[in-house]
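Below: one structure, written as structure tokens.
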Amino acid sequence: MLHGREAERAVIDQLLLQAGAGRSGAVVVRGEAGIGKSALLNYAENAATDMRILRGVGVETEAGLAFAGLHLLLGSFADRLTALPPLQAAALRGMFGLTDARPAERFMVGLATLSLLSELAEDRPLLCVIDDAQWLDQASADALLFASRRLDAEGIAMIFAVRDGVPFSAPGLRDLRLHGLSGTASAALLAEHSAGLAPHVRDQILDEAQGNPLALLELPGALTPAQRAGELPVEAFQMGGQQLSGRLEEQFAQRVRALPAGSRLLVLIAAAEESGGLDVVLAAGEFLGIGLDDLEPVEVSGLIGFVDGRLTFRHPLVRSAAYREATVTRRLAVHRALANVHGARGDLDRRTWHLSAAALGPDEDLATDLERIAEEASVRGGHTAVSVAYQRAAKLTADPERRAERLARAAEAAADAGQTQLATALDEQTVASTSRPGALARLARMRITIAQEQEHGAQAVELAQVAGRIAEEAPGEAAFLFLNAVASVWSEGDLPAITDLAARTSAQSADPLLAGVTAAIAQLADDDTAPLLGLADTVKGDLERGPRERLILHSWLLWVADVEAAHDDAVAIVRDCRAQGAIGVLPKALLYLGRAQLILGRYRDVAVTASEGLQIAQDTARTHYGRHLAGLLACLAAIQGDEARCDELTDDILRHGITESGTECLDARDLLDLSVGRYDDILKRVQWSAEEASGSLFAMNRTYAHHASYVEAAVRAGQPDLAAEPCARLAAWARMAEQPWITAIALRCQALLAEGEAAERLFAQAVQLHGLSVVPFEQARTELLYGEHLRRGRRRAESRPHFRAALDIFLRLGATLWAERASSELRATGETPPAREQTLDLLAQLTPQELQVVRLAAAGMSNRDIAAQMFLSPRTVSHHLYKAYPKLGVASRHELARMDLR
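The opening residue of the sequence shown carries number 1 in UniProt numbering; numbering runs sequentially from there.
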């Protein structure tokens, strides 16, 4: 009987009820050791009478084995992989070790896990419980958490149990924290399991246990009959200031010590052997002179149970107590024995891990074996396990250069696994001890990736310095690093330092590719991007390595405002990310696509793109890109006059200060304030200074919207002197870019600062240039401002066509506040804007995800194909279609295909 926990049981009951109705959910049960997490999982299993049940468990000693936890949970369902999309099936086959596979993106395994769980829930709801999730190997934890965050309409309930004191971050999931039982529930539990205690002894146990169920069950067992009866003082609990978990572990350690020597050794073998296989434990026992007879006292003690051929510890504290109370000599002997057993059975990975646990000094053969394990784990996508293996290999390596190379690979794998602090620490260990170009380049790329996520653009100079150091021995790698440095300095950093390094490298390099790249970068010092941009097609074949690298080259298109080319290129990169399962890169690719869509006025597409990107960024902990994507949605809300939504998206990001990832949020606030005439708010938000922009490509171009808004606000607020600097920067960028739409914006800003015929000439040129490109919102702004200029000059009739043009575009884009401003200006000329027929926009009723699903369905894709492309489960796709059909007034894909879904 589960005493107390009424509120917690209600949460579990609701989760199961929801799964039975076809809706999914996940919860993380947290609490100290012995607080009742496992008991609550057992309650869930007993209550899930009509559900398929999967039970997994994390084992502390398995942390270095990639996907060990996931294999235990799902390995018996390998025959169901044929139902998964090919790329996902390949990822899980590689994870299970069923085939040689190319390196899998770590989030692809998570997506495949979601699909397999959905497949298993096809015929009945599914309950998946993971006990001791804090001990899962990181690869398994990443996959299961990714899957749990993307649950929707599969009929799956997932419950993770996590012990306090061990990190297990699960953002986006509901936490259910267990506290001590109430006094009444504690007394009832104690009475049920330990009747006959003297009243004062019972009270002492209740006081010591602090409502911890395991303590209530275990503490009485340490008492003699006389102590239980109250005839002797109770001293069993006097363990100084230890916390309860420490006292419980010591209780278990005392029970282990009370076993016969052979039985105690058998418990130690079981504690050291993560598989729990009885055959393995007994085989290792034979090496140490013990056998089956030594098992009986262990079973009688209740410390270990026996289920399906596996030894299971009554509680994780028993395992840790057994291992920690043993001497170092005994531990080493046990690991050697287990290594012999696994070696005889052909399990070379486990043999290697046990030998490494028993190693007392450098061992190159063993280090080489660990390196092999790391490489195999990399193929399966288990980056944390890769890092652990390389770290252990490095510790066993005597040669300094080889040790540094292995540490560099460990750091790179840690970064790929999202373990930024560990990666940085390993990087610091390595850099000072190696001069190898490969290791330096690997670490430099890793460092800049981390720096970009944490918004430390100044790291770009370090990247360029490393490129200079390896230029002679690895010119191709150096060229790529220089391009990375330029892309990184985009947001902030010391551009002059990089151009100076590039100039020196160019003068010294005999390699055509490196010399060409560095010479082109050097000319950025004179604001001349033409050579670098002209080099793009030349270097593309040499440097294009995948979506991540292509995004660096893609950024050049943004520098020159070639927005249509940028859009098409981003579409191709997003498509390749989906095809290759590069989920971790997808938020950045979707961000670049969303930026182009926003400029081109494709606002429905922006909503779909940015919403998907934001969700994936949250699911993959890509916080930096998540902020940018939220900013895109904020810009959309600002343009469409939704102030509450704009504030919701920007408040939290801007509360932490103005950083590069808050760029779009600032643009959104500017646009919103401009639309209602809050010019002073814009000036207060950002006090422009030339020093702020010094040496930053970002200040010159990516915030063209900010510059344009700032110029307009400064002029309208009667402070045109503040507009001179941003206006000059826009003009400089327009000269470099030679794109009609950005030149038109620059001319518009110059017109605002001009007077009389000069202003009119500049406005007219801007309107003419807008006709050569498709950037509708900016075109409408120019028409509006030109009309205002003419009306203020008492030329009402001439102003009306410009107001009408602006109004038509704003209405078409859904820019309601801007449309109201244009209508007001038109009325001020004496013309009443025509009444607009209110038509129902069917697509506006859909969520961005529903719109994306129906578009793909209308294109003829099956639910499984849509699920694979959108990184959802097929059941979730079906659910979205079910909700979308009545909103659109259709009942089939055939009808969808006839609709205009743009």
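Each residue gets a CB set at the ideal place from its N, CA and C atoms; glycine is no exception. Every value quoted in this text rests on a predicted model; they were computed, and no experiment measured them.
Coarse secondary structure for residue i, derived from DSSP in three states
| i | result |
| --- | --- |
| I653 | helix |
| V166 | coil |
| G25 | strand |
| V57 | strand |
| S75 | Correcting the residue identity first, residue 75 is Gly in this sequence and not Ser. In the structure shown, G75 sits in a helix (DSSP, three-state: H, G or I). |
| E691 | Residue placement at E691 cannot be trusted, given a pLDDT of 39 that sits under 50; what the coordinates show is reported in the next sentence. Correct three-state label for E691: helix. |
| G581 | coil |
| G662 | helix |
| R5 | coil |
| G343 | helix |
| R702 | Annotation note: pLDDT 46 at R702 (below 50); position unreliable, coordinate value reported separately. If DSSP states are grouped into helix, strand and coil, R702 belongs with coil. |
| G277 | strand |
| V201 | helix |
| M861 | coil |
| S186 | helix |
| V676 | coil |
| R436 | coil |
| G240 | Caution is warranted here: a pLDDT of 40 is assigned to G240, below 50, making its placement in the model unreliable, and the coordinate value is therefore given only provisionally. It is coil, neither helix nor strand. |
| L846 | coil |
Bounding residues of the alpha helix (DSSP H) (the contiguous stretch that carries residue i)
| i | result |
| --- | --- |
| residue 930 | The chain is shown only over 1 to 902; residue 930 falls outside these bounds and no answer can be derived. |
| T424 | 420-431 |
| A525 | Segment: none, A525 is in no alpha helix (DSSP H) and carries neither H nor E. |
| E119 | 106-120 |
| D349 | 348-358 |
| D808 | 796-813 |
| W135 | Where W135 is concerned, there is no enclosing alpha helix (DSSP H), given that its DSSP letter is neither H nor E. |
| R761 | 756-770 |
| V388 | 383-395 |
| Q615 | 603-619 |
| L752 | 740-753 |
Cα-Cα separation between residue i and residue j, rounded to whole angstroms
| i | j | result |
| --- | --- | --- |
| D681 | D673 | 7 Å |
| R409 | Q227 | 58 Å |
| E273 | D576 | 42 Å |
| R86 | I205 | Sequence inspection shows Pro at residue 86; the Arg mentioned does not correspond to that position. Looking at the two C-alpha atoms, the distance is approximately 58 Å. |
| H624 | A507 | 36 Å |
| L730 | H770 | 16 Å |
| A884 | Q421 | 44 Å |
| L396 | L366 | 7 Å |
| V11 | T49 | 17 Å |
| C727 | R669 | 19 Å |
| V267 | E286 | 14 Å |
| R392 | L197 | 51 Å |
| A411 | T184 | 52 Å |
| G516 | I498 | 15 Å |
| E798 | R602 | 30 Å |
| A503 | E738 | 26 Å |
| A78 | A121 | 15 Å |
Rounded distance between the beta-carbons of residue j and residue i, thought under 8 Å
| i | j | result |
| --- | --- | --- |
| L813 | P776 | 6 Å |
| A589 | A607 | Not quite, the Cβ-Cβ distance comes to about 17 Å (not below 8 Å), so this is no contact. |
| L598 | H567 | Not really, about 10 Å apart at Cβ, beyond 8 Å. |
| G128 | M95 | For the record, residue 128 in the displayed sequence is Cys; it is not Gly. Not really, about 17 Å apart at Cβ, beyond 8 Å. |
| R604 | L632 | The Cβ separation is near 13 Å, so there is no contact. |
| I639 | A815 | 5 Å |
| A478 | A467 | 4 Å |
| F810 | Y786 | Going by Cβ atoms, the distance from F810 to Y786 rounds to 14 Å, so no, they are not a contact pair. |
| E723 | L753 | It is Ala, not Glu, that sits at residue 723 in the sequence shown. About 6 Å separates the two Cβ atoms, so the contact holds. |
| D667 | H628 | With a Cβ gap of about 11 Å, D667 and H628 do not count as contacting. |
Residue interval of the beta strand (DSSP E) (run including residue i)
| i | result |
| --- | --- |
| R729 | Taken as a continuous stretch (DSSP letters only), R729 belongs to no beta strand (DSSP E), being part of the alpha helix (DSSP H) at 724-737. |
| I304 | 304-307 |
| L311 | 310-313 |
Distance cut-off 6 Å: residue i Cβ against heavy atoms of the ligand HEM
| i | result |
| --- | --- |
| E472 | The ligand HEM is not among the ligands present in this structure, which contains no ligands whatsoever. |
Bridge partners - residue i, DSSP secondary structure assignment
| i | result |
| --- | --- |
| I159 | V27, V129 |
| R177 | R30 |
| G516 | Bridge partners of G516: none, in fact. |
| R52 | L126 |
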